[in-house]
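*Asks:*
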Amino acid sequence: MNRFLLAVSLLLTFSFSACHRGPYKVSSHFDPQQVPVAPNYAVPANWAALPSMHDMADSVPYKSVGLRDQQAEATTDVFFVYPTTYTYEPKPGANQWNADVADADLNRRTDESAILNQATVFNGSCRVFAPRYRQAHYSAFTTQTPADKRQSLDLAYADVKAAFLHYLQHDNLGADGNPRPIIIASHSQGTIHATRLLTELFDGKPLREQLVAAYLVGIATPTDKFKTIPPGESATQTGCFVSWNTFAKDYIPDYYANGLNKALCTNPLLWNSSDQYAPKELNHGGVGLKFTFKDQLVDAQSHQGLLWVGTPNIAGASLVPTKIWHKADINFFWMNMRENVADRIRAFQAKTTAGR
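In the numbering used here, the protein residues as written are 13 to 368.
(1) From this set, 244, 79, 148, 294, which residue's C-alpha is nearest residue 200's C-alpha?
(2) Considering only DSSP beta bridges, list what residue 326 is partnered with.
(3) Residues in its own chain within less than 7 Å of residue 288 by CB, not counting five upstream and five downstream?
(4) Over what stretch of residues does the alpha helix (DSSP H) that includes residue 258 continue unbroken?
(5) For residue 249, does the count of other Cβ atoms within 10 angstroms reach 16, so buried, or fall short, so exposed?
(6) List the DSSP bridge partners of residue 302.
(7) According to DSSP, is residue 346 part of a helix, a strand, or is it coil?
(8) Quick one: Cα of residue 364 to Cα of residue 338, how far?
(9) Report yes if the CB atom of residue 237 is closer than 9 Å to the CB atom of residue 211, and no otherwise.
(10) Between which two residues does the beta strand (DSSP E) harbouring residue 238 extend?
(11) What are the boundary residues of the beta strand (DSSP E) that includes residue 321?
(12) Could you pull out every residue in the same chain whose Cβ sits closer than 7 Å to the Cβ of residue 107, ignoring the five residues on either side in sequence?
(13) Can the beta-carbon of residue 1 be found less than 9 Å from the beta-carbon of residue 299?
(14) What did DSSP end up calling residue 176 once you bin it into helix, strand or coil?
(15) Within this structure, are the beta carbons of residue 230 and residue 207 separated by less than 9 Å?
(16) Could you tell me the boundaries of the alpha helix (DSSP H) in which residue 192 lies?
(17) If you drop the 5 nearest sequence neighbours on each side, which residues of the same chain put their C-beta closer than 7 Å to that of residue 247?
(18) According to DSSP, which residues form a beta bridge with residue 312?
(19) What does the Cβ neighbour count give for residue 350, buried or exposed, with the cut at 16 atoms within 10 Å?
(20) Terminal residues of the continuous alpha helix (DSSP H) containing residue 210?
(21) Measuring straight from C-alpha to C-alpha, what distance separates residue 319 and residue 269?
(22) Could you tell me which whole alpha helix (DSSP H) segments of length 4 or greater appear in the segment 102-152?
(23) Determine, using beta carbons only, whether residue 274 and residue 232 come nearer to each other than 9 Å.
(24) Rounded to the nearest angstrom, how far is the Cβ of residue 241 from that of residue 89, given a contact under 8 Å?
(25) State the DSSP-derived secondary structure class of residue 33, mapped to helix, strand or coil.
(26) Can you look up residue 243 in the DSSP assignment and give me helix, strand or coil?
(27) Residues in the same chain with beta-carbon distance under 8 Å from residue 168, minus the five sequence neighbours each way, listed in chain order, please.
(28) Leaving out five residues before and five after residue 67 in sequence, what residues of the same chain have Cβ atoms less than 6 Å from its Cβ?
(29) Hey, quick one: how far does the beta strand (DSSP E) through residue 89 stretch, first residue to last?
(30) So, is the C-beta of residue 303 closer than 9 Å to a C-beta in chain D?
(31) Indicate whether residue 63 and residue 132 have their beta-carbon atoms separated by less than 9 Å.
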């Protein structure tokens, strides 16, 4: 089997199970007196990505052509919230329900997966801000105790919000003294927190005017989730949100009725939620485990809240039994997302200029 595909398949299968069926389940209950120390976001080490430091978000894919990190010239910022990477059995004495941002091994896992394969989408048009946060253990998504889930996710969100408020206060003003446009982007658990952030701080609030777009990927997000932030239905619409969850063609997961049946499904090859089929020729490139670039990687079609994809365009792909391409939500469409970010920023800037 092609080494690229094998690596992607193994990573994606494991990563999805980490969010939903992982190998370790927390057996104790959440104890608010036993949580990791809250991060101080004035300390650069408490960020996975900052435009002022060298990090994985500065990377461009191996074998890509003409791409480079352009954060130094960017006029727009992205606030990126990464997915669950705290999936394994905690070390003795470590907190069970929420990660410690000082955990070097976990930070390496996060940086070499989500930051490298996902946050890099934005470095062609945005300065990248990605906070480390006390993310909930994957058990928050499998526990039968709602209070444990709520408390662990609430703690994680408190960090995401604190990081964003720190960014607003210290980094959002441009050289001209005006607030910089903002993109909110996320995947999986990160989308839970990013959606809450948008609801509390953007929806119907003054910050709404700075929102270029929100990419809320990997969690079912209803079309009517926000009051003033509509679903995106064109490639250059601004002030909107887009969202999708990726599965093999004709596959419907057993948890479909838990929210996917009512979710917005944006086709990232078309940038609308129609059921129009988009062939792989519209896919301008995705990335694999070793951050290798592959053109025309996969096709896509929106189907009743699901993003269906056919067999990836790589030799040996038919041998891979994966039906749930959760981890590939961004990997498969890396280049199309990168181009769309630039398109929406240009549209936002044109609208802003016209309104002056």
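Glycine residues also receive a C-beta, built at the ideal position from the N, C-alpha and C atoms.
*Replies:* So, from the listed chains and residues:
(1) Checked all of 244, 79, 148, 294; the closest Cα to residue 200 is 148.
(2) None, per the DSSP bridge assignment.
(3) 282
(4) Note, residue 258: premise wrong, no alpha helix (DSSP H); beta strand (DSSP E) at 258-260.
(5) buried
(6) Partner(s): none; residue 302 has no beta bridge.
(7) helix
(8) 35 Å
(9) yes
(10) Counting along the chain, residue 238 falls outside any beta strand (DSSP E), and DSSP gives it neither H nor E.
(11) 318-321
(12) 46, 47, 48
(13) It is not possible to answer for residue 1, since the shown part of the chain is limited to 13 through 368.
(14) helix
(15) no
(16) Here residue 192 belongs to no alpha helix (DSSP H), and DSSP marks it neither H nor E.
(17) 283, 352, 355
(18) The partner list for residue 312 (beta bridge, DSSP) reads 290.
(19) buried
(20) 201-213
(21) 15 Å
(22) 116-122
(23) yes
(24) That pair is no contact at about 18 Å.
(25) Low local confidence applies: a pLDDT of 38 at residue 33 is under 50, so the model's placement there is unreliable, with the coordinate-based value given in what follows. Three-state DSSP puts residue 33 in coil, outside helix and strand.
(26) strand
(27) Within the same chain, 110, 145, 146, 147, 148, 201, 205 come within 8 Å of residue 168 by CB-CB distance, once the 5 residues on both sides are set aside.
(28) 61
(29) 88-93
(30) The question asks about chain D, but that chain is absent: this structure has only one protein chain.
(31) no
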